[in-house]
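Visitor: When you line the sequence shown up against the numbering used here, it's residues 104 to 336, in that order. Even for Gly, the Cβ is constructed at its ideal location relative to N, Cα and C. Here the structure is a predicted model, which means the values were calculated and not measured. Below you will find the structure I want to go over with you.
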Amino acid sequence: MTNLHDSLPDLMRRATEDLQPATPELVARGIRRGKVLRRRRTALASLSGAAAVLATVGIIVGSTQLLQHDAAVEPTSTPSSHRPKPLTPAETLAAALPKSLHRGHMTTSEDGTLSVVLDDGHGAGLLTVDMMTAQANTNCNGSPAGTCTVQSDGTVYVAYANRPLYTDESNPGGITVTTVELFYPDGRQISISNYNARRDQGVEHSRPAPILSIAQLTQIARSKQWVYPPRVS
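Below, the structure written as structure tokens:
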């Protein structure tokens, strides 16, 4: 049997006789390979860091732009809608009257009756407007016969033209009146009268008939601009 101690050097020689020595070229190639790997790892790390920075910058910029956009598009506070001031009864009447008529000074009595003298060039005539809000009048009781109708919406409509002011006695001055009255279901009431004289009593009539017709008075009475007084208890 061969002695292992004696044969070991020979075995090691034969096992390593085909191995190439580490030449300078192999050493240099290994160094270059190591440098390439280190540069690649450094580059990857740099890219990762740059990407993270860019992502952070993108988030910040995006957030800033979003905030700026929101600030830009945020609607400014809308100014409170300005509602026009309601017209006074005198202003409403002035706007509703025919423009061709000459109008005297408009007055309001203590009981709220609005009065104005109109003139169309053929004689003057007084116009009065009375308004109130009270218990609703739902029928024609007390109205002159043939002058009253209850309309489909419940409004009581009274109208008559050129009637003597005093029907149950002599009519001093020959004063006549054309009147339109509306009694709404909610208690609003308006009465418009036009006379053939400058006043409703104590004077002679100044023209054969009042200036305004039933149709004209009805149009004035139905104006949506009237502001009715508070309800009378």
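So which of D222, K188, Y260 and P187 has the shortest CA-CA distance to R310?
Guide: Looking at the Cα atoms, D222 is the closest of the given residues.
Visitor: Quick check on I317: does DSSP put it in helix, strand or coil?
Guide: Of the three classes helix, strand and coil, the one that applies to I317 here is helix, per DSSP.
Visitor: Less than 7 Å between the beta carbons of R291 and Y331, yes or no?
Guide: yes
Visitor: By DSSP, does I293 sit in helix, in strand, or in coil?
Guide: strand
Visitor: Taking the alpha carbon of S294 as the reference point, which residue from D233, S212, R206 and V220 has its own alpha carbon closest?
Guide: If we check each option's Cα against that of S294, D233 comes out closest.
Visitor: Quickly, what does DSSP pair A262 with across the bridge? List them, please.
Guide: V283
Visitor: Quick one: what does DSSP say G226 is sitting in, helix, strand or coil?
Guide: coil
Visitor: Helix, strand or coil, according to DSSP, for I278 in the structure here?
Guide: Secondary structure of I278 (DSSP, three-state): coil.
Visitor: Where does P192 sit, in a helix, a strand or coil, going by DSSP?
Guide: helix
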